[in-house]
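One structure is given here, and the rest of the page talks about it.
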Amino acid sequence: MTSIELAGYDVVYRRPEALVNTTTHYCPGCTHGLIHRLIAEVIDELGIGDRSILVAPVGCAVFAYNYFNVDGCEAPHGRAPAMATGLKRSQPDKIVFTYQGDGDLAAIGTNEIIHAAGRGENLTVIFVNNATYGMTGGQMAPTTLSGQVTTSSPYGRDVELVGAPMRVSELISTIPGATYVVRRSVHNVANINKTKAAIKTAFQVQMQGLGLSLVEVLSTCPTNWHMTPANALQWIEDAMIPVFPLGDYRIADAVVPLTKRTRGGQ
Amino acid sequence: MAKELWKGNEAIAEAALRAGVEAYFGYPITPQTELLEYMAREMPKYPGRVFLQAESELAAVNMVYGAACGGVRTMSSSSSPGISLMSEGLSYIAGTELPAVLVDIMRGGPGLGNIQPSQSDYFQMTKSLGHGDYHALVLAPSTVQEAVDLTYESFELAEKYRTVVVILADGAIGQMMEPVELPPWRETLTEAQRPDWALRGAKGRPHRTLTSLNLTPEGLEQTNLRLQARLATVQRNEVRWEEEMTEDAELLLVAFGTMGRICKTALRAARRKGQKVGLLRPISLWPFPEQRLYELAGKTQHILVVEMNAGQMLLDVQAAVQGRAPIDFYGRMGGMIPLPDEINEQIDRLMAPPISQPELNQSGNGYHRHAAAAAVASRA
Ligand SMILES: Cc1ncc(C[n+]2csc(CCOP(=O)(O)OP(=O)(O)O)c2C)c(N)n1
Ligand code: SF4
Ligand SMILES: [Mg+2]
Chain A
24 MTSIELAGYD VVYRRPEALV NTTTHYCPGC THGLIHRLIA EVIDELGIGD
74 RSILVAPVGC AVFAYNYFNV DGCEAPHGRA PAMATGLKRS QPDKIVFTYQ
124 GDGDLAAIGT NEIIHAAGRG ENLTVIFVNN ATYGMTGGQM APTTLSGQVT
174 TSSPYGRDVE LVGAPMRVSE LISTIPGATY VVRRSVHNVA NINKTKAAIK
224 TAFQVQMQGL GLSLVEVLST CPTNWHMTPA NALQWIEDAM IPVFPLGDYR
274 IADAVVPLTK RTRGGQ
Chain B
2 MAKELWKGNE AIAEAALRAG VEAYFGYPIT PQTELLEYMA REMPKYPGRV
52 FLQAESELAA VNMVYGAACG GVRTMSSSSS PGISLMSEGL SYIAGTELPA
102 VLVDIMRGGP GLGNIQPSQS DYFQMTKSLG HGDYHALVLA PSTVQEAVDL
152 TYESFELAEK YRTVVVILAD GAIGQMMEPV ELPPWRETLT EAQRPDWALR
202 GAKGRPHRTL TSLNLTPEGL EQTNLRLQAR LATVQRNEVR WEEEMTEDAE
252 LLLVAFGTMG RICKTALRAA RRKGQKVGLL RPISLWPFPE QRLYELAGKT
302 QHILVVEMNA GQMLLDVQAA VQGRAPIDFY GRMGGMIPLP DEINEQIDRL
352 MAPPISQPEL NQSGNGYHRH AAAAAVASRA
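Chains as they are written, first to last, in the working numbering: chain A, 24 to 289; chain B, 2 to 381.
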């Protein structure tokens with residue numbers, strides 16, 4: 024690794040402390056890495072790197088623990104909220120967060136996320152919705168759009184047969200224990216900034232012991248969508264956002280002051 | 002300390018508390034539920050300890066997995082159908098080389114079966130607790146006192162070998178009341194006593210990772226070799242059994258848990274009649290006391306395995322005996338418990354000269370077969 028003498032320069036961009044200096048396994052144009060960076064920046068800004076514990080999912084982010092300079096483990100497919108519950112309940116002074124895909128959280132792991140929310144676990148959940156099972160090669164997910172062609176819906180998702188795409192934020196927002204539930208996207212700079220602010224609030228909710236916080240992030244899978252990275256970003260805007268509207272789905276009264284402060288800080 | 006009358010499930014829970022368990026996660030299922038209820042009542046009395054009723058056994062085992070990642074003394078308990086649901090998580094715990102304690106109060110199966118005592122999870126516990134090459138250390142008590150003692154010890158064993166330790170009992174032991182002497186209270190771990198792999202936040206040290214994932218075959222082979230080496234140590238150090246009157250035994254009973262103690266009654270009745278009967282009661286089912294059984298098989302005329310199942314431990318007995326003595330099996334299923342009279346009937350049949358020739362015998366209520374027939378059945 025070559026080090027560069029920074030004296031005399033204005034540093035405008037650097038790797039967050041919470042991010043490991045290593046190469047990525049994510050595909051070119053995949054926004055998983057970008058979301059990692061936002062989380063790392065937030066961990067740095069909140070100064071919680073030495074007391075955070077990550078629970079990685081089964082999915083493309085299975086190796087997330089390789090990228091964060093925080094303690095980490097890896098849950099069975101969908102069980103991250105249960106594992107995180109075990110960690111947080113036995114170490115309440117730690118900041119425990121899960122990072123889960125849509126197959127992980129919205130298919131095999133629905134029971135665990137709903138009940139973690141139901142109990143109001145003090146956990147932060149980063150939910151990455153890319154409308155497909157990335158890791159296993161692009162099969163249909165509960166979030167796959169109507170008509171979307173995947174390897175297991177080769178004629179397009181037929182909502183008559185398999186139902187409409189599942190809207191997780193809307194669902195979780197009905198559970199009182201989930202006090203901060205928002206949907207964001209990372210398809211352009213403005214939305215990336217909003218996503219970061221939401222992630223920061225989500226961690227602050229946990230730091231104040233206010234309940235379960237969940238940030239759903241619309242994310243690209245150029246590889247399995249068979250698109251260029253640029254087209255994939257455009258597809259989020261054109262196809263995904265109309266089905267998964269961005270917005271705040273639940274901000275409990277106790278959380279409201281946090282959102283104001285975070286916005287002010289941006 | 003004076004003996005007190007304790008119900009099996011509650012005594013196990015109390016023993017775990019005294020052993021310093023810090024986090025319990027479980028889900029109600031008969032005939033185990035009093036264990037969970039006891040934890041619900043008692044855990045909140047001790048600051049820093051955690052009780053949580055999970056939404057399923059699937060969640061419970063993964064809560065245990067999470068707590069175990071933090072180097073916390075943790076456990077769950079369930080009964081047969083719940084254990085089936087836990088398989089995936091137990092395999093992850095084994096693959097991550099973490100300590101945890103699991104109590105299985107077995108009931109009749111398969112399927113929803115019933116809530117009567119059974120020993121039909123023997124295969125599941127000793128051979129197929131989850132996917133991949135691993136074993137849990139499986140300990141089978143035959144009295145409430147022994148359940149207490151083994152539970153108390155199980156946490157240290159789990160930590161020493163970084164493995165899952167299973168207390169395998171059945172509904173009879175879970176539900177019955179017996180006089181028990183409880184062990185002394187042990188302190189819970191201090192921060193400094195936490196293991197050096199535990200996830201406690203990367204304060205002043207490099208970050209740690211706990212995972213069962215290793216995508217390179219060379220890497221995963223190394224994990225497996227390490228696991229196997231540790232299991233070999235367990236096999237060397239932790240074989241446990243009890244023997245009664247094996248010295249001059251012409252017929253050796255082999256039975257575990259509840260069945261082991263019922264066999265003792267049959268043994269005494271047989272001895273009163275002048276029949277030279279002995280008993281080997283395996284306490285550790287994995288590792289199995291195969292060496293001792295091999296030795297005893299060379300000194301006895303006949304072996305009778307008695308189980309509350311269709312003959313599961315029987316396979317381990319056959320493997321250990323290596324043909325040195327003929328083996329018969331008597332068992333009952335579905336929550337039926339072989340009574341001493343039934344066992345004595347089998348003893349009489351086998352010890353009556355001349356010893357009956359190998360054949361599938363279908364008389365009586367129980368399910369019994371000769372080793373030759375059993376061998377065929379196991380190959381089918
Ligand atoms: C019990 C179990 N079932 C299935 C799998 C296979 N599997 C691995 S990743 C995955 C889907 C992951 O999709 P998602 O959660 O959307 O994450 P992404 O890769 O899209 O980020 C599946 C089905 C598994 N590892 N474990
Ligand atoms: S398969 Fe899709 S989600 Fe997975 S790394 Fe590649 S682009 Fe990202
Ligand atoms: Mg996905």
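We put the CB at the ideal spot given by N, CA and C, even for glycine.
Notebook entry, point to check: residue 345 of chain B: buried (16+ other C-beta within 10 angstroms of its C-beta) or exposed?
Noted result: By one-based count along the second sequence, residue 345 of chain B stands at place 344. So residue 345 of chain B counts as buried.
Next item on the list: Compare the C-beta of residue 63 of chain A with all C-beta atoms of chain B and state if any pair is closer than 8 Å.
Entry: Taking the first sequence and counting its residues from 1, one reaches residue 63 of chain A at position 40. Taking Cβ atoms only, chain B never reaches closer than 8 Å to residue 63 of chain A, which makes this a no.
Check: In three-state DSSP terms, what is residue 70 of chain B?
Finding: For the purposes of this step, residue 70 of chain B is taken as the residue at position 69 of the second sequence. DSSP places residue 70 of chain B in helix when its eight states are reduced to three.
Checklist line | Closer than 8 Å to chain B by CB, residue 88 of chain A | finding: Walking along the first sequence from the start, residue 88 of chain A turns up at place 65. It does: the Cβ of residue 88 of chain A has a partner Cβ on chain B nearer than 8 Å.
Notebook entry, point to check: Touch check for the region 127-140 of chain B and the region 266-280 of chain B: three-plus C-beta pairs under 8 Å?
Noted result: no
Notebook entry, point to check: Helix, strand or coil: how does DSSP classify residue 50 of chain A here?
Noted result: Residue mapping note: residue 50 of chain A aligns to position 27 of the first sequence, counting from 1. Residue state, collapsed to three classes: coil.
Item checked: Ordered list of beta strand (DSSP E) runs contained in the region 54-94 of chain A, each at least 3 residues -> Listed in chain order, the complete beta strand (DSSP E) runs (minimum 3 residues) inside the region 54-94 of chain A are 75-79.
Next item on the list: Specify, as a first and last residue, the run of the beta strand (DSSP E) that residue 206 of chain A falls within.
Entry: The sequence position of residue 206 of chain A within the first sequence is 183, counting from 1. Taken as a continuous stretch (DSSP letters only), the beta strand (DSSP E) holding residue 206 of chain A covers 201-208.
Check: For the candidate residues A:131, A:185, A:198 and A:127, whose alpha-carbon lies nearest to that of residue 139 of chain A?
Finding: Stepping through the first sequence from its first residue, residue 139 of chain A is reached at position 116. Minimum Cα distance to residue 139 of chain A is reached at A:198.
Checklist line | Below-8 Å beta-carbon distance, residue 55 of chain A vs any chain B residue | finding: Here residue 55 of chain A refers to the residue found at position 32 of the first sequence. By this cut-off, residue 55 of chain A is not an interface position.
Check: Taking Cβ positions, are residue 109 of chain B and residue 117 of chain B nearer each other than 8 Å?
Finding: For the purposes of this step, residue 109 of chain B is taken as the residue at position 108 of the second sequence. For the purposes of this step, residue 117 of chain B is taken as the residue at position 116 of the second sequence. It is a contact, given that the beta carbons lie within the stated cut-off.
Item checked: Buried versus exposed call for residue 258 of chain A [16 or more other C-beta atoms within 10 Å across all chains shown] -> Within the first sequence, residue 258 of chain A is the residue found at index 235, counting from 1. It counts as buried.
Check: From which residue to which residue does the alpha helix (DSSP H) around residue 188 of chain A run?
Finding: Counting from 1 along the first sequence, the entry for residue 188 of chain A is found at position 165. Looking at the DSSP string, residue 188 of chain A is not in any alpha helix (DSSP H), and its letter there is neither H nor E.
Next item on the list: Using a Cβ-Cβ cut-off of 8 Å, state whether residue 50 of chain A counts as contacting chain B.
Entry: Translated into positions along the first sequence, residue 50 of chain A becomes position 27. False, the Cβ-Cβ gap to chain B never drops below 8 Å.
Checklist line | Members of the region 60-83 of chain B that neighbour chain A once the beta carbon cut-off is set at 9 Å | finding: From the region 60-83 of chain B, only 60, 61, 62, 63, 64, 65, 66, 67, 68, 69, 70, 71, 73 and 75 have a Cβ closer than 9 Å to chain A.
Next item on the list: Go through its chain and collect everything with a Cβ distance to residue 162 of chain A's Cβ below 6 Å, but skip five positions before and after it.
Entry: Position 139 of the first sequence holds residue 162 of chain A. Closer than 6 Å at Cβ, skipping near neighbours: 156, 173, 174 and 175.
Note to self: Restricting to runs no shorter than 4 residues, where is the alpha helix (DSSP H) found entirely within the region 18-45 of chain B?
What the structure shows: 34-43
Next item on the list: Kindly give me the distance between the Cβ atoms of residue 258 of chain B and residue 81 of chain B, rounded to whole angstroms, as I take these residues to be in contact under 8 Å.
Entry: As a working note, residue 258 of chain B is residue 257 in the second sequence. As a working note, residue 81 of chain B is residue 80 in the second sequence. So it is not a contact: roughly 14 Å between Cβ atoms.
Next item on the list: Count the other CB atoms, across all protein chains shown, that sit within 10 Å of the CB of residue 178 of chain A; report buried if there are 16 or more and exposed otherwise.
Entry: One-based indexing of the first sequence puts residue 178 of chain A at position 155. It counts as exposed.
Checklist line | Contact with chain A by residue 144 of chain B, beta-carbon distance below 8 Å | finding: The residue given as residue 144 of chain B occupies position 143 in the second sequence. Residue 144 of chain B does not count as touching chain A.
Next item on the list: In the DSSP assignment, find the unbroken alpha helix (DSSP H) run with residue 198 of chain A in it and report its ends.
Entry: Walking along the first sequence from the start, residue 198 of chain A turns up at place 175. Note, residue 198 of chain A: premise wrong, no alpha helix (DSSP H); not H, not E.
Notebook entry, point to check: When the Cβ atoms of the region 128-135 of chain A are set against those of the region 29-48 of chain A, are three or more pairs found closer than 8 Å?
Noted result: no
Notebook entry, point to check: Nearest chain B C-beta to residue 117 of chain A closer than 8 Å, yes or no?
Noted result: As a working mapping, residue 117 of chain A is identified with position 94 in the first sequence. By this cut-off, residue 117 of chain A is an interface position.
Margin query: Determine whether the beta carbon atoms of residue 256 of chain A and residue 207 of chain A lie at a separation below 8 Å.
Written below: As a working mapping, residue 256 of chain A is identified with position 233 in the first sequence. As a working mapping, residue 207 of chain A is identified with position 184 in the first sequence. Cβ atoms of residue 256 of chain A and residue 207 of chain A: not closer than 8 Å.
Item checked: Proximity of residue 333 of chain B and residue 352 of chain B at Cβ, strictly below 8 Å -> As a position in the second sequence, residue 333 of chain B is number 332, starting the count at 1. As a position in the second sequence, residue 352 of chain B is number 351, starting the count at 1. Not a contact, by the Cβ cut-off of 8 Å.
Check: By Cβ distance, which residues of its chain are closer than 6 Å to residue 192 of chain A, with the 5 residues on each side in sequence left out?
Finding: Position 169 of the first sequence, counted from the start, is the residue given in the question as residue 192 of chain A. Same-chain partners within the cutoff: 204, 206, 239 and 272.
Next item on the list: List the residues of chain A that residue 417 of chain B touches, going by C-beta distances under 7 Å, in chain order.
Entry: Absent from the structure is residue 417 of chain B, since the part of chain B shown begins at 2 and ends at 381.
Next item on the list: Specify, as a first and last residue, the run of the beta strand (DSSP E) that residue 135 of chain B falls within.
Entry: Along the second sequence, one-based indexing puts residue 135 of chain B at 134. Counting along the chain, residue 135 of chain B falls outside any beta strand (DSSP E), and DSSP gives it neither H nor E.
Notebook entry, point to check: Going by beta carbon distance, what residues of the same chain come within less than 6 Å of residue 153 of chain A, once the five residues before and after it are set aside?
Noted result: One-based indexing of the first sequence puts residue 153 of chain A at position 130. Answer for residue 153 of chain A: 242 and 244, listed in chain order.
Check: Which residue's Cα is closest to the Cα of residue 231 of chain A: A:54, A:281, A:267 and A:247?
Finding: In the first sequence, residue 231 of chain A corresponds to position 208, counting from 1. Closest by alpha carbon: A:281.
Checklist line | Contact residues within the region 243-271 of chain A, judged by C-beta distance below 8 Å to chain B | finding: none
Checklist line | alpha helix (DSSP H) segment containing residue 197 of chain B, residue limits | finding: Position 196 of the second sequence holds residue 197 of chain B. From DSSP, residue 197 of chain B is part of no alpha helix (DSSP H); its letter is neither H nor E.
Check: From residue 228 of chain B to residue 98 of chain B, what does the alpha carbon distance come to, in whole angstroms?
Finding: Working through the second sequence from its first residue, we reach residue 228 of chain B at position 227. Working through the second sequence from its first residue, we reach residue 98 of chain B at position 97. Distance between the alpha carbons of residue 228 of chain B and residue 98 of chain B is about 8 Å.
Checklist line | Close Cβ partners of residue 171 of chain A (< 7 Å) along its chain, the five nearest in sequence each way excluded | finding: Numbered from its first residue, the first sequence carries residue 171 of chain A at position 148. Apart from sequence neighbours up to five positions away, the residues of its chain that approach residue 171 of chain A with a beta-carbon distance below 7 Å are 154, 179 and 180, ordered along the chain.
Next item on the list: Going by DSSP, name the residue or residues bridged to residue 287 of chain B.
Entry: Taking the first residue of the second sequence as 1, we reach residue 287 of chain B at position 286. Answer by DSSP bridge pairing, in chain order: B:139.
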